[in-house]
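1 is the number of the first residue of the sequence shown in UniProt numbering; add one for each residue after it.
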Amino acid sequence: MTSATQEPEMTLPTETSATPAPTGNLEITVSRAELLRELTAAQSVVERKTTIPILSNFLFEATQGAGGDRLTITATDLDQSLRTSCAAKVKKAGACTIPARKLYDYIKLLPEGEISIKLMDNHWVQIRAGRSNTKMVGMARANFPQVPEFPTSGAVKISVPSLKNMVSKTIFAISNEESRYTLNGALLVLKAESMAMVATDGHRLAHIEKLGETLEGVSGEKKTLIPRKALSELSSLLGATEAETLEFGDDEQTLFFRVGGRVLTSRKLTGQFPNYEAVLPRDNNKFVIVRCEDLMGSIQRVAQFADERSGAIKIRLEQNELKLSSSSTDAGESEDTIETPYNYDPLVVGFNSQYLIDFLKAIGNTGEVRLEFKDAQSAGQMRPEDANEDVKYRYILMPMRI
Numbered sequence: 001m002t003s004a005t006q007e008p009e010m011t012l013p014t015e016t017s018a019t020p021a022p023t024g025n026l027e028i029t030v031s032r033a034e035l036l037r038e039l040t041a042a043q044s045v046v047e048r049k050t051t052i053p054i055l056s057n058f059l060f061e062a063t064q065g066a067g068g069d070r071l072t073i074t075a076t077d078l079d080q081s082l083r084t085s086c087a088a089k090v091k092k093a094g095a096c097t098i099p100a101r102k103l104y105d106y107i108k109l110l111p112e113g114e115i116s117i118k119l120m121d122n123h124w125v126q127i128r129a130g131r132s133n134t135k136m137v138g139m140a141r142a143n144f145p146q147v148p149e150f151p152t153s154g155a156v157k158i159s160v161p162s163l164k165n166m167v168s169k170t171i172f173a174i175s176n177e178e179s180r181y182t183l184n185g186a187l188l189v190l191k192a193e194s195m196a197m198v199a200t201d202g203h204r205l206a207h208i209e210k211l212g213e214t215l216e217g218v219s220g221e222k223k224t225l226i227p228r229k230a231l232s233e234l235s236s237l238l239g240a241t242e243a244e245t246l247e248f249g250d251d252e253q254t255l256f257f258r259v260g261g262r263v264l265t266s267r268k269l270t271g272q273f274p275n276y277e278a279v280l281p282r283d284n285n286k287f288v289i290v291r292c293e294d295l296m297g298s299i300q301r302v303a304q305f306a307d308e309r310s311g312a313i314k315i316r317l318e319q320n321e322l323k324l325s326s327s328s329t330d331a332g333e334s335e336d337t338i339e340t341p342y343n344y345d346p347l348v349v350g351f352n353s354q355y356l357i358d359f360l361k362a363i364g365n366t367g368e369v370r371l372e373f374k375d376a377q378s379a380g381q382m383r384p385e386d387a388n389e390d391v392k393y394r395y396i397l398m399p400m401r402i
């Protein structure tokens, strides 16, 4: 009789995924190294300051299956989620939630070896490792939000090194202003033979295109706006994986990235990304080529004396030399000269020094860079002067009045 009366409680009303949610009193053993690796990946998604306490917790789900026992760990802040897993010895399948920050900090302090985790009454969770015995206060599994499931069809395989490079070359140009909603992400443009990414904050624009990519299942053009927060999470996942490709999918509300055994989801940004092609310079016919290191050194020195609020420095191009200068009533003035071939009309143009530094850092501050100009009022363009025909990278900067 007892089992019959308890039966209806086995499936929780919040769970709608195809696989029934594990309930019951989870009891597992897991290696510290593996657990810590997955907690490290998931903890950056956890909301630090939240008014919804359950979002400060990890969801732990222990399952037994033909493919072996697994512990699946989920973190979410409602905008994005990360689901990851590792092998574990599952004595009892089940689920529980554990305070994320506290658990992560505690596991880091434990010595190498096996850790046993057991769900007790009233959502308390017992953690034993060697001679350490700790109990933490969890919360009800039923309160943890439902996380979207990876779509069953329509996912596109993308090269990990290519996407990683594209994110690092554009993420710094995304707008920080909350009011400029559609600029709070980067636009990913997928075509059958190429992919591109572009980001802008209205003052500068970073655009990178990778040719010679075969993207199966993409016909025409697929444009997706990826929020900054998701990009920075994705960047960490791409940096930590040995997988050569990732799977990218989406539905009406959500973007999905499967990297190795980890799935990142992000709420879509709504709205139209601006028509960036209209601002790409067409006739910047005056150019100069300089070594990145020389330019970076000069900018950093001169920027020390720029106006603190604007960071503006002046670039003056004359016969075979490039002069950088700045002045402010508080700090003083500074000028640096780089000798380099230049045979066009003299030109003086002002730029935000930090924007120039961001670009030079993004290309690794090595090799040579080409600066292209039209006149003092038009956008300048910078690009690495390298022989890589497959990757086209350019950075467009609006001039400043000084």
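In this text, a Cβ means the ideal position worked out from N, Cα and C, and glycines have one as well. All values derive from a computational prediction rather than experimental measurement.
Own chain partners of residue i with C-beta closer than 8 Å, once the 5 adjacent residues on each side are dropped
i      : result
Val218 : Val156, Leu190, Lys191 and Ala192
Ser162 : Met195, Lys210 and Glu213
Phe305 : Ser326, Ser327, Ser328, Ala331, Gly332, Glu333 and Ser334
Leu55  : Val46, Glu47, Thr76, Asp77, Leu78 and Pro145
Per-residue DSSP class, three states only, for residue i
i           : result
His203      : coil
Lys49       : coil
Met398      : coil
Arg131      : coil
Met296      : helix
residue 403 : Residue 403 falls outside the range modelled here, since the chain spans only 1 to 402, and no answer is possible.
Pro346      : coil
Arg291      : strand
Arg383      : strand
Ser44       : coil
Met136      : strand
Arg267      : strand
Phe60       : strand
Thr19       : Here the model assigns Thr19 a pLDDT of 45, short of 50, so the residue's position is not dependable, and the following value carries that caveat. Of the three classes helix, strand and coil, the one that applies to Thr19 here is coil, per DSSP.
Val391      : strand
Ile208      : strand
Ser162      : helix
Cβ neighbours of residue i in the same chain (closer than 7 Å, five flanking residues each side left out)
i           : result
Pro148      : Thr254 and Thr265
Pro13       : Per-residue confidence for Pro13 stands at a pLDDT of 36, beneath the threshold of 50, marking its modelled position as unreliable; the derived number appears in the next sentence. Nothing listed; no residue qualifies.
Ser298      : Leu324, Asp336 and Ile338
residue 403 : In the structure as shown, the chain begins at 1 and stops at 402. Residue 403 is therefore absent and cannot be evaluated.
Rounded Cβ spacing between residue i and residue j (contact assumed at less than 8 Å)
i      : j      : result
Ile115 : Val46  : Not really, about 20 Å apart at Cβ, beyond 8 Å.
Ile402 : Gly350 : 4 Å
Gly113 : Ala88  : Not confirmed; about 14 Å, so no contact.
Ala93  : Gln64  : 5 Å
Pro151 : Phe256 : 6 Å
Leu26  : Ala66  : That pair is no contact at about 20 Å.
Residue i vs residue j beta-carbon contact at 7 Å
i      : j      : result
His207 : Arg394 : yes
Ala95  : Asn57  : no
Phe172 : Leu59  : no
Glu213 : Met195 : yes
Glu252 : Val160 : no
Ala41  : Thr76  : no
Phe248 : Ile158 : yes
Ile98  : Val125 : yes
Ala362 : Lys229 : no
Glu385 : Glu372 : no
Val167 : Leu71  : no
Beta-carbon proximity list for residue i, same chain, < 6 Å, skipping 5 on both sides
i      : result
Glu389 : none
Arg370 : Phe287, Ile289, Arg383 and Glu385
Problem set entry | Given 8 Å, three or more beta-carbon pairs between the segment 199-211 and the segment 178-191 | Yes: at least three Cβ pairs fall under 8 Å.
Exercise. Any chance the segment 286-294 sits against the segment 310-324, with 3 or more Cβ pairs inside 8 Å?
Worked result: With contact defined as three or more Cβ pairs closer than 8 Å, the segment 286-294 and the segment 310-324 are in contact.
Exercise. For the 8 Å Cβ check, are there 3 or more pairs between the segment 254-267 and the segment 167-183?
Worked result: Not touching, per the Cβ criterion.
Exercise. Does the segment 264-282 come within contact of the segment 372-380, defined as at least 3 CB pairs closer than 8 Å?
Worked result: At 8 Å Cβ cutoff, the stretches touch.
Exercise. Within the chosen definition, does the segment 347-367 reach the segment 307-315 through at least 3 CB pairs nearer than 8 Å?
Worked result: Counting Cβ pairs under 8 Å, three or more are found: they touch.
Exercise. Touching or not, the segment 119-136 and the segment 33-52, by the rule of three or more beta carbon pairs under 8 Å?
Worked result: Output reads no: the segment 33-52 does not touch the segment 119-136.
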